[in-house]
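Asker: For what it's worth, the working numbering labels the leading residue of the sequence shown as 624, then goes sequentially. Have a look at the structure that comes next, please.
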Amino acid sequence: MDNSLDMLNILSMKVILSIFLFLSCQLAHGAVYISAQTEDGLFHRGEVIESYEDRWFYEEASEQTKRYLLLFKEEAGKAKFKMLSYEQIKRVRLLGFFPSKYKSFLRKNKIILKKEVVRNQAILTGNHGHHKFERMFGNFAWDLGILDEHGKQHRGDGSLLTDYYIFNEEIKAPIGGEVVGKISDMPDNPASPSLTGDLSQKINNYLTIKIQYPFYLSLVHFKKDSIRVNIGDKVKADQVLGLVGNSGVSYIPHLHYTLYIYEEGLKRFISVPALLEN
Numbered sequence: 624m625d626n627s628l629d630m631l632n633i634l635s636m637k638v639i640l641s642i643f644l645f646l647s648c649q650l651a652h653g654a655v656y657i658s659a660q661t662e663d664g665l666f667h668r669g670e671v672i673e674s675y676e677d678r679w680f681y682e683e684a685s686e687q688t689k690r691y692l693l694l695f696k697e698e699a700g701k702a703k704f705k706m707l708s709y710e711q712i713k714r715v716r717l718l719g720f721f722p723s724k725y726k727s728f729l730r731k732n733k734i735i736l737k738k739e740v741v742r743n744q745a746i747l748t749g750n751h752g753h754h755k756f757e758r759m760f761g762n763f764a765w766d767l768g769i770l771d772e773h774g775k776q777h778r779g780d781g782s783l784l785t786d787y788y789i790f791n792e793e794i795k796a797p798i799g800g801e802v803v804g805k806i807s808d809m810p811d812n813p814a815s816p817s818l819t820g821d822l823s824q825k826i827n828n829y830l831t832i833k834i835q836y837p838f839y840l841s842l843v844h845f846k847k848d849s850i851r852v853n854i855g856d857k858v859k860a861d862q863v864l865g866l867v868g869n870s871g872v873s874y875i876p877h878l879h880y881t882l883y884i885y886e887e888g889l890k891r892f893i894s895v896p897a898l899l900e901n
């Protein structure tokens with residue numbers, strides 16, 4: 624039986640790739656490998672990392688929504704990524720399910736994040752939900768908070784920033800690297816536990832740390848003026864970087880972080896899976 628599948632439209636592409644990704648998730652260490660033929664006649668082979676939608680979670684998906692497929696392969700010891708738009712792809716051939724070369728590359732190059740970024744942290748949102756629809760910046764992000772014995776993030780009614788257990792807590796680098804991006808002077812938003820605050824035109828206090836090209840780490844929502852490092856500084860794992868705040872696109876205090884790659888074709892950062900220590 625021919626494993627080639629002609630892509631009749633965007634919907635069929637999305638369904639087929641969703642099935643491939645779902646099946647790969649059922650394998651503890653497995654991954655999907657495909658060959659994709661683009662409209663220029665070229666074939667692109669590799670491990671499927673993710674299928675992305677370039678839209679915000681508050682925007683409805685439509686035929687105009689840009690969708691992409693990210694493939695990975697290793698060449699001469701270097702990570703090679705290929706971002707293909709669904710519109711480019713004419714045909715996909717399933718090559719099989721095999722151990723993940725992407726995860727193997729991360730381990731071999733020691734691109735592994737320490738688990739504890741904030742003391743007593745809890746994962747509020749993992750690599751799912753609204754993170755899948757943050758213009759490809761958050762597909763594999765984590766949101767961290769601190770919970771009490773009742774599973775609450777705050778004291779009282781949560782109307783004050785200081786009600787939140789994580790507010791003003793130290794943020795430690797989960798991996799070493801060089802600081803290449805920073806904003807630190809944006810104000811913290813008032814707490815909005817009802818998630819109804821106005822976040823329009825808000826700018827995050829953040830750090831971007833270059834691990835080794837094309838891999839970067841992004842940490843977001845620092846407290847105003849709390850970042851202790853500057854662009855060009857070399858940081859070490861477990862080094863204190865700043866304090867948790869509520870700056871930018873954030874209703875309540877938390878830390879958002881993700882592993883990025885810089886995607887040359889689109890000239891922008893893309894969220895990719897990370898490995899955690901142990």
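Note that beta-carbon positions come from the ideal geometry of N, C-alpha and C, so glycine has one too. Quick caveat, the model's predicted, so the values are computed rather than measured.
The alpha helix (DSSP H) with F728 in it runs from where to where?
Answerer: Locating residue 728 in the sequence shown gives position 105, where the first residue counts as 1. Per DSSP, F728 belongs to the alpha helix (DSSP H) from 724-731.
Asker: Along the beta strand (DSSP E) that carries T661, what are the first and last residues, could you check?
Answerer: Along the sequence shown, read from residue 1 onward, the residue named residue 661 stands at position 38. Taken as a continuous stretch (DSSP letters only), the beta strand (DSSP E) holding T661 covers 653-661.
Asker: According to DSSP, is F892 part of a helix, a strand, or is it coil?
Answerer: The sequence position of residue 892 within the sequence shown is 269, counting from 1. Strand, per DSSP.
Asker: My assumption, with CB atoms under 8 Å, is that A897 sits in contact with F763. Please give the rounded CB distance.
Answerer: Your numbering for residue 897 matches position 274 in the sequence shown. Your numbering for residue 763 matches position 140 in the sequence shown. Right, the Cβ-Cβ distance comes to about 6 Å (below 8 Å), so this counts as a contact.
Asker: Determine the burial state of A654: buried for a count of at least 16 other Cβ atoms within 10 Å of its Cβ, exposed for fewer.
Answerer: Reading the sequence shown from its first residue, position 31 is the one you call residue 654. Its Cβ being crowded by 16 or more others within 10 Å, A654 is buried.
Asker: Just verifying my parser: in three-state terms, what is the DSSP assignment at D780?
Answerer: Residue 780 sits at position 157 when you count from the first residue of the sequence shown. Note: D780 maps to coil in three-state DSSP.
Asker: In chain order, what residues of the same chain lie with their CB nearer than 8 Å to the CB of W679, ignoring the 5 residues before and after it?
Answerer: Walking along the sequence shown from the start, residue 679 turns up at place 56. Contacts found: F756, E757, R758.
Asker: Report the rounded CA-to-CA distance for N901 versus L736, giving the unit in angstroms.
Answerer: Taking the first residue of the sequence shown as 1, we reach residue 901 at position 278. Taking the first residue of the sequence shown as 1, we reach residue 736 at position 113. Using only the alpha carbons, I get a separation of about 10 Å.
Asker: Please name the residue, chosen from W765, S674, G871, that lies closest to Y880 on a Cα-to-Cα basis.
Answerer: As a working note, residue 880 is residue 257 in the sequence shown. The residue with the shortest Cα to Cα distance from Y880 is W765.
Asker: In the DSSP assignment, find the beta strand (DSSP E) that holds F704 and state where it starts and stops.
Answerer: What you label residue 704 is simply residue 81 of the sequence shown in a count that begins at 1. Start and end: 701-708.
Asker: Of the choices L783, R730, F790, whose alpha-carbon is the least far from that of L770?
Answerer: Taking the sequence shown and counting its residues from 1, one reaches residue 770 at position 147. It is F790.
Asker: Closer than 7 Å by C-beta to Q649: which residues in its own chain qualify, once you throw out the five before and the five after it? Chain order, please.
Answerer: As a first step, residue 649 must be located in the sequence shown, where it is residue number 26. At Q649, the pLDDT of 49 sits below 50, so the modelled position is not reliable and the matter cannot be decided from this model.
Asker: Report the option in K733, D780, G888 whose CA atom is closest to the CA atom of M706.
Answerer: Position 83 of the sequence shown, counting from 1, holds the residue named residue 706. Nearest option by C-alpha distance: G888.
Asker: Let's see if you can read the secondary structure: which residues bound the beta strand (DSSP E) around Q835?
Answerer: To locate residue 835, count along the sequence shown from 1; it is residue 212. Where Q835 is concerned, the enclosing beta strand (DSSP E) stretches over 829-835.
Asker: What is the residue span of the beta strand (DSSP E) that G804 lies within?
Answerer: In the sequence shown, the residue the question calls residue 804 occupies position 181. It spans 800-806 - the beta strand (DSSP E) in which G804 sits, taken as one unbroken run.
Asker: So does E757 have its beta carbon nearer than 6 Å to some heavy atom of the ligand NAP?
Answerer: For the structure depicted, the ligand NAP is absent and the ligand set is empty, with no information on it obtainable.
Asker: Less than 8 Å between the CB atoms is what I'm expecting for R668 and K703, so what's the real figure, rounded?
Answerer: Here residue 668 refers to the residue found at position 45 when the sequence shown is read from its first residue. Here residue 703 refers to the residue found at position 80 when the sequence shown is read from its first residue. About 11 Å separates the two Cβ atoms, so there is no contact after all.
Asker: Distance, Cα to Cα, I794 vs A860?
Answerer: Numbered from 1 along the sequence shown, position 171 holds the residue referred to as residue 794. Numbered from 1 along the sequence shown, position 237 holds the residue referred to as residue 860. Answer to the nearest angstrom: the Cα atoms are 11 Å apart.
Asker: So which of H773, K775, N812 has the shortest CA-CA distance to L784?
Answerer: Here the question's residue 784 lines up with position 161 in the sequence shown. Checking every option, the nearest Cα to that of L784 belongs to N812.
Asker: Express the C-alpha separation of E676 and E682 in angstroms, rounding to a whole number.
Answerer: Translated into the one-based positions of the sequence shown, residue 682 becomes position 59. Translated into the one-based positions of the sequence shown, residue 676 becomes position 53. Whole-angstrom Cα-Cα distance: 11 Å.
Asker: Which stretch, first to last residue, makes up the beta strand (DSSP E) that contains A745?
Answerer: Here residue 745 refers to the residue found at position 122 when the sequence shown is read from its first residue. Per DSSP, A745 belongs to the beta strand (DSSP E) from 745-748.
Asker: Considering only the beta carbon of each residue, do G871 and I826 sit closer than 7 Å?
Answerer: For the purposes of this step, residue 871 is identified with residue 248 of the sequence shown, where counting begins at 1. For the purposes of this step, residue 826 is identified with residue 203 of the sequence shown, where counting begins at 1. Contact flag set, yes.
Asker: Could you tell me the alpha carbon to alpha carbon distance between P797 and I734, rounded to whole angstroms?
Answerer: Stepping through the sequence shown from its first residue, residue 797 is reached at position 174. Stepping through the sequence shown from its first residue, residue 734 is reached at position 111. Rounded to whole angstroms, P797 to I734 spans 10 Å at the Cα level.
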